[in-house]
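Contents: one structure, followed by commentary.
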Amino acid sequence: MREALTRLLHLFYVGFTLARMHLTSYTASIASSVLWFTVIFVPVVVFTPEPTRAIHVFLPGVFGLSAASVGMWVATEFLRWYVYEGLTDMFRECGLNVFHYLLMGIHTDVPVHVVVSYFLASSIACIYVGLNLGVIVPENPAYLLLAYLTAIPVYLLCGALIAYLYTVTPIAGAWTNIIQMSVLVGTVIPPSVLPDPVYALVNPATIVAELARAAYEANFIPVSILLPLTPLVIVAYTITAYVISRACDRYIAKHGIRFRI
Amino acid sequence: MRVAAAARAVAYREVVWFRRFFAENVIMWLLPLLFGLAIVFLPQTVSRPEEVYRKVSMVLGRRVGFEDMILYALSLSALIGLVAACIEETIQVVFNEAKRIGVLQTVLETMSLGSYYAGCVLVKPFFVGVNTTLYLALVLPLVAGVRGLLTYLTLLPIFIACSYALILYSLPIALAITYFARLSRPWVVSNLLTPTLLAGSGLYIPLKLVPWLLRVVAETSPVPETCEALRALILWGSSANLLPLVVSVVCLAVVYTMVTSLLSHVSDQRARVGA
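For the record, the sequence lines run as chains A and B. So for the first sequence, the numbering used here puts the first residue at 1; every next one is plus one. So for the second sequence, the numbering used here puts the first residue at 262; every next one is plus one.
Here it is, written out as structure tokens:
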């Protein structure tokens, strides 16, 4: 147990050092995400007759979407860009697979890309439509905290899934980007568009978005379903992500991985 | 003659790249398409459609229905791929050719940097303008029939003109990054510039709603004028007065050309000594 904890702390240290080394890219990436949000979501909020409701429904969707997307970016970074520079092999020689690489970022990537980007984007949306910034303060902060805790296993699972897809299929990285778009349903596209909003839970990121919506009482799936599911999802997604990452690593050990963009 | 040779080579390269990076092209078509649909349908997931159209009409200053709104959202979305392709490709290709893949040394054996970039400017914008907006030729007629096809044919020259001006806008930035600045991560500039210009131009919303800081940055580029021109043509049709916008873009293009000529002359000397 102590050994595992030490290893985890080492991973956090490496993750923190990597983030510090790439501080410029990190800052630029946050600014870029917020600006892209401004391009797409500000018009949606401006065109909605009830801007406050739009902010409470769509912004938490971005919270869930970011958790899944960041996991996918981090995983493809490990398997796509690092392969070219030989870094993937270096990590693997130290017994670290994509799961460990994802784990390195849970104290930097998830808070920064998911939480900080969310509050920045929400503030900008409020400024555009002339709303008080108090609108983004959650009515039930406990649900937002739960959304954050659930975002971590979702980040791990989505990262592991895309890593497996990229490893075992010969498809180009660009096609994996198209598959990533499927996580839009249930997050940015509210579950209310489906015949039964519960169907949206097929998308792992939906529960994060819905818990974040519940913080503003704008959820479509009842809290009575979300709350019992949360601990189950945290455990199940983490274990599944680990199993998939191991399978991914075994595949690389047996067949190797071809660098492709 | 050398400019013509460069133009031919760039045209060949563009065709080869189109085939090789077809998957990337599909994404460049799909993403703006999704964004355009999101602008129309996401507000309708929380409010009644007629209320949404009323609000949109109020914001845009003209009564719009479903067909107007979908034509408006899809057409303006095409600018996302166009701006991204012009800015990011120009900056990254200029930097990579000079600093990473070493292609530029081969080019400089036969022509000057100015001739090479003149050839690029002659050909590349046409390919980018057509390629990034190609999906509209299929999508607009699908959603609005003959009106959609006519809209596409009316907007295509504006897209091509915009890509000419945008590539002229990005070339001095690319040359400055490559030969005059010591940036370890040049892609940060291109990755930030694209959303800054789009956000600063308002894209789907009137420019007056955009905060002044973003607007000032965007005003250095032809993107706000292009948005205004597209908005005017889609919402008011042929009665729109585009002359002030055209004059403004032409003036900007002249300034960009002058700066590019000056910078490419100095960059040529730097490139030949391996700076």
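For every residue, glycine included, the Cβ atom is placed at its ideal position computed from N, Cα and C. Computed from a predicted model, the values in this text were never measured in an experiment.
Taking all protein chains in view, the Cβ of residue 73(A) is crowded by 16 or more other Cβ atoms within 10 Å, so the residue is classified as buried. Under the Cβ criterion of 8 Å, residue 352(B) is not counted among the residues facing chain A. Distance from residue 483(B) to residue 427(B) at the Cβ level is roughly 6 Å; contact confirmed, criterion being Cβ atoms closer than 8 Å. At least one CB atom of chain A sits nearer than 8 Å to the CB of residue 316(B). Boundaries for residue 95(A): no alpha helix (DSSP H) harbours it, and the DSSP string shows neither H nor E there. For the pair residue 323(B) and residue 415(B), the Cα-to-Cα distance works out to about 20 Å. Of all residues in the region 288–303 of chain B, only 288, 291, 292, 295, 296, 299, 300, 301, 302 and 303 come within less than 9 Å of chain A when Cβ atoms are compared, listed by chain position.
Taking a 10 Å sphere around the C-beta of residue 367(B), we find fewer than 16 other C-beta atoms and assign the residue as exposed. The three-state reading of DSSP puts residue 185(A) in strand, counting E and B together.
Put simply, the region 183–198 of chain A does not touch the region 86–103 of chain A. Fewer than three CB pairs are less than 8 Å apart. In the displayed model, residue 200(A) falls within a helix according to three-state DSSP. Residues of chain A whose Cβ lies closer than 8 Å to the Cβ of residue 430(B) do not exist; the shortest such Cβ separation is about 18 Å. Per DSSP, the unbroken alpha helix (DSSP H) holding residue 273(B) starts and ends at 263–281. Less than 8 Å separates the beta-carbon of residue 532(B) from that of residue 440(B). The C-beta distance from residue 220(A) to residue 204(A) rounds to 17 Å, too long to fall under 8 Å, and the pair is not in contact. Contact annotation for residue 40(A) against chain B: 296 and 299 [CB-CB distance below 7 Å, chain order]. Only 24, 25, 28, 31, 32, 35, 36 and 38 from the region 6–38 of chain A bring a Cβ to less than 7 Å from some Cβ of chain B.
For residue 347(B), there is no enclosing alpha helix (DSSP H), since its DSSP letter is neither H nor E. Annotated as distal: residue 71(A) and residue 206(A), with beta-carbon spacing of 8 Å or more. The residues 153, 154, 156, 157 and 204, in chain order, have a CB closer than 7 Å to that of residue 237(A) in the same chain once the five nearest residues on each side in sequence are set aside. Between residue 177(A) and chain B, the shortest Cβ-Cβ separation is below 8 Å.
Pairing residue 394(B) with residue 225(A), the inter-Cα distance amounts to about 44 Å.
Within the region 428–460 of chain B, the residues whose Cβ lies closer than 7 Å to any Cβ of chain A are, in chain order, 446, 449, 452, 453, 456, 457, 459 and 460. Spatial neighbours of residue 455(B) in its own chain (CB-CB distance under 7 Å, excluding positions within 5 residues in sequence) are listed in chain order as 344, 345, 348 and 349.
Listed by position along chain A, the residues whose Cβ is nearer than 8 Å to that of residue 312(B) are 49. Comparing alpha-carbon positions, the option among 42(A), 113(A), 6(A) and 55(A) lying closest to residue 26(A) turns out to be 113(A). Around the beta carbon of residue 462(B), a 10 Å sphere encloses 16 or more other beta carbons of the protein chains shown; the residue is thus reported as buried. Taking C-beta atoms under 8 Å as the contact rule, residue 338(B) and residue 296(B) qualify, at a distance of about 5 Å.
In summary, no residue of the region 378–406 of chain B has a CB separated from any CB of chain A by less than 7 Å.
Distance from the CA atom of residue 247(A) to the CA atom of residue 164(A), rounded to whole angstroms, is 8 Å.
Residue 311(B) sits in a helix when the DSSP states are folded into three classes. For residue 92(A), not one C-beta of chain B is nearer than 8 Å to its own C-beta. About 18 Å separates the Cβ atoms of residue 436(B) and residue 515(B), ruling out a contact at the 8 Å cut-off. Contact with chain A is found for residue 306(B), since one of that chain's Cβ atoms lies less than 8 Å from the residue's Cβ. Cβ-Cβ separation between residue 39(A) and residue 464(B): approximately 6 Å, consistent with a contact (criterion under 8 Å). Taking CB atoms only, residue 127(A) has a neighbour in chain B less than 8 Å away.
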